[in-house]
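Below is one structure, written out as structure tokens; the observations come after it.
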Amino acid sequence: MASLHTITDVWGGNGNGNIAAGCTTYAPIPALGNFFGGGGFRALGGNVACGYAGATTDQTAASGSLTSHDSLAPIGLDTPGSSYRGDANARAAYRALGVSVTGTQVGGSSGTSAVFSTSAALFDDMLTPTSPLIASQTPGFVRYVFQLDGNLSTLGGPSGTASVQLNIQHDGGPVFDIGRLGAQAGAVGTFSAIDSDISTWTLGASSVSGAGLFGSTLHVPFFGDVDRPINWGVPWQLQVGLLARSAHTADVDFMSTLKLVDIQLFDAAHQRVTDFSLSSASGTDYLNPTATTTVPEPETWLLTILGLALLVVRRTFFGSERESS
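Numbering (my numbering), first residue to last: 115 to 439.
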């Protein structure tokens, strides 16, 4: 199976602080917590019941380009004259993801105030490799390479935080955080990755900006490169997710977008294989960066079939006329 998934989540306001009703216990959205380890805002007693305002959009689709958007008009906090507003956008397609969030807080807030904007985009696909050089069922390895560009900052307030996070899950195994950028008000921006080059990013005061490649390979000292295991001719599952988060006053813009730009395959001896084909459950051509990432809708297939049928009839009819003349 193949699927696209987007989540946008914006919440603000001052909670009622009802301990007995679970209004002082918070957690991430389960779907985001499971894949990213966090993201989204949930009060145990329910966001609305606990006095918060906001919206969440959670969507899935099998094809096309999926988009989500949520926003929150300025909502009052506990300090007189204080408020928070937020905005979140997400876009998911096979091979390409985009996320952005913004938040603006005026005045102060307490521990029971919500000032969070979150967006996430994910795609989930099944990939099957074949090669004339390698027998089916033979073990091998795969390496993923992503391109990411954008910026984040917390320049507009004294307590803002912002981050973007790229995670993958290969064939139902553990989720890997393969790249993360972050900023906190008053501090230098941060960068972490398992296979990337920090020099392509500018880590400024309360900000990060730039573009770069992020790989899935673990480089283990005295051992070598560690890539994800596969079996040639056997489908495996790939799930990719991009998450943006902001709190207080912050801005994260990575809508332009994350792209899966290369899939490298290896044989059992970890030697690179270049003569191979790769099919996918979604119909996406992952080996051709300019190819369309969507499967034709049923109506498109029907029109194609009708067109071919008319062409056959036309050739048969006019061919017989030419023979008789």
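C-beta atoms are modelled at their ideal positions from N, C-alpha and C, and glycine is treated no differently.
Three-state secondary structure assigned by DSSP to residue i
i, result
"Pro144", "helix"
"Ser434", "Low confidence applies here, because Ser434 scores a pLDDT of 43, under 50, leaving its location unreliable; read the following figure in that light. If DSSP states are grouped into helix, strand and coil, Ser434 belongs with the helices."
"Thr120", "strand"
"Ser393", "strand"
"Thr304", "strand"
"Ile312", "helix"
"Phe149", "helix"
"Met369", "strand"
"Arg156", "strand"
"Trp346", "coil"
"Gly131", "coil"
"Thr418", "Because the pLDDT of Thr418 is 38, which lies under 50, any placement of that residue in the model is unreliable, and the number read from its coordinates should be weighed accordingly. Thr418: helix per DSSP, three-state reduction."
"Thr232", "strand"
"Tyr258", "strand"
"Gly326", "strand"
"Phe380", "strand"
"Ser245", "strand"
"Tyr208", "coil"
"Ser185", "strand"
"Gln298", "strand"
"Met115", "coil"
"Gly286", "coil"
"Pro272", "coil"
"Leu401", "coil"
"Trp125", "strand"
"Leu191", "coil"
Per-residue burial, residue i [other beta carbons within 10 Å of its own, 16 or more giving buried]
i, result
"Phe336", "exposed"
"Leu247", "exposed"
"Leu417", "Caution applies to Leu417, whose pLDDT of 42 falls short of 50 and renders its modelled position unreliable; the value that the coordinates give is listed next. So Leu417 counts as exposed."
"Asp365", "buried"
"Val354", "buried"
"Arg156", "buried"
"Pro144", "exposed"
"His362", "buried"
"Arg209", "buried"
"Val334", "exposed"
"Ala176", "exposed"
"Gln251", "exposed"
"Ser224", "exposed"
"Pro410", "Caution applies to Pro410, whose pLDDT of 38 falls short of 50 and renders its modelled position unreliable; the model cannot decide the point."
"Pro142", "buried"
"His384", "exposed"
"Ser313", "exposed"
"Ser231", "buried"
"Ser310", "buried"
"Val229", "buried"
"Gly159", "buried"
"Thr388", "exposed"
"Ser360", "buried"
"Thr120", "buried"
"Thr174", "exposed"
"Leu396", "Before going on, a small fix: residue 396 reads as Ser here, not Leu. That one is buried."
"Thr139", "exposed"
"Ser391", "exposed"
"Met115", "exposed"
Within 8 Å, strictly: CB atoms of residue i and residue j
i, j, result
"Asp238", "Ser393", "no"
"Ala358", "Val278", "yes"
"Ala134", "Ala163", "no"
"Gly296", "Ala307", "no"
"Ser265", "Val322", "A small fix is needed here, since residue 265 is Asn in this sequence, not Ser. In this structure, Val322 lies closer than 8 Å to Asn265 by Cβ."
"Leu332", "Leu211", "no"
"Ser227", "Asn128", "yes"
"Ser330", "Gln298", "no"
"Gly347", "Thr244", "yes"
"Ala207", "Leu186", "no"
"Ile189", "Gly126", "yes"
"Leu327", "Gln261", "yes"
"Gly195", "Gly217", "no"
"Leu317", "Gly300", "no"
"Gly221", "Leu191", "yes"
Nearest-angstrom beta carbon gap, residue j and residue i [assumed within contact, 8 Å]
i, j, result
"Phe255", "Asp341", "4 Å"
"Met83", "Gln351", "Residue 83 falls outside the range modelled here, since the chain spans only 115 to 439, and no answer is possible."
"Ala234", "Ala204", "6 Å"
"Pro253", "Pro343", "7 Å"
Residue i at chain C interface by Cβ criterion, 8 Å
i, result
"Met115", "Here there is only one protein chain, and chain C is not present."
Cβ-heavy atom distance, residue i to the ligand GDP, below 7 Å
i, result
"Thr252", "Ligands displayed in this structure: none; no statement on the ligand GDP is therefore possible."
- Query: Does the count of Cβ pairs from the segment 172 to 186 and the segment 150 to 164 closer than 8 Å reach three?
  - Reply: no
- Contact the segment 362 to 376 vs the segment 210 to 225: 3+ CB pairs below 8 Å: yes
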